[in-house]
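Enquirer: Quick one: the structure is below, questions incoming.
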Amino acid sequence: MSESIYLSIYLSIYLSLPLFSYLFIYIIKPSFTLLLSRQSPHRKAARNAADAAAAYIRRSQETTAEKTARNAAKAAATSIRRTQESMAKKIARYAADAAATSAARSSECSAQKRKRRQRDAISTSAARSSFGTSMSESIYLSIYLSIYLSIYLSIYLSLPLFSYLFIYIIKPSFSLFLYT
């Protein structure tokens, strides 16, 4: 009789863990993820405007040689384009575009390359500086992670302790209780 009680408690613990994991992974976590991933149309429009501003800043700071190389790459890609391109033609167009761009960039000296990279990084970071996570998103994310971590750790760290208590303290107590 005591073995059946012991077995039922032991099985209930170990069989409830996969159920809890399933609930958490497929129900609780996606709902938080969906909540955090929603963006308002205003944020999307602002992000698109920032991308456009970054491209404008980058292009306005280009030198004449860079503009000529970019326009030559566009012209090479456009000349290959047809209304219905085969895969080979698409590959050729991409290769021509990459070749024109790499030829223009290989003719740059290291100082020009460094200046171009710094300019691109500055314009992109300036345009995207307002797109970090908002305070409410950070709070939701930290609450979500702390709940997940505390539940996960409490279950998986308490199992060995519970097993030890059950095997060496509770089971012998039940045995004494049932046989006296």
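For the sequence shown, this note's numbering assigns the number 1023 to the initial residue and increments by one for each residue that follows. Where is the CB? At the ideal position from N, CA and C, for every residue including glycine.
So what does DSSP say about Q1140, is it helix, strand or coil?
Expert: The count along the sequence shown starts at 1 and reaches residue 1140 at position 118. If DSSP states are grouped into helix, strand and coil, Q1140 belongs with the helices.
Enquirer: I'd like to check one pair, A1091 with A1122: are the Cβ atoms closer than 8 Å?
Expert: Translated into the one-based positions of the sequence shown, residue 1122 becomes position 100. Translated into the one-based positions of the sequence shown, residue 1091 becomes position 69. Yes, they are a contact pair.
Enquirer: Are R1081 and D1142 touching if we call contact CB-CB under 8 Å?
Expert: Residue mapping note: residue 1081 aligns to position 59 of the sequence shown, counting from 1. Residue mapping note: residue 1142 aligns to position 120 of the sequence shown, counting from 1. No; because the gap between Cβ atoms is not below 8 Å, this pair is not in contact.
Enquirer: If distances are taken between C-alpha atoms only, which option among E1088, N1093 and A1077 comes closest to Q1134?
Expert: Along the sequence shown, read from residue 1 onward, the residue named residue 1134 stands at position 112. That would be E1088, whose Cα lies nearest to the Cα of Q1134.
Enquirer: Does A1095 pass the burial test, meaning 16 or more other C-beta atoms within 10 Å, or should it be called exposed?
Expert: Against the sequence shown, residue 1095 aligns to sequence position 73. A1095 comes out buried.
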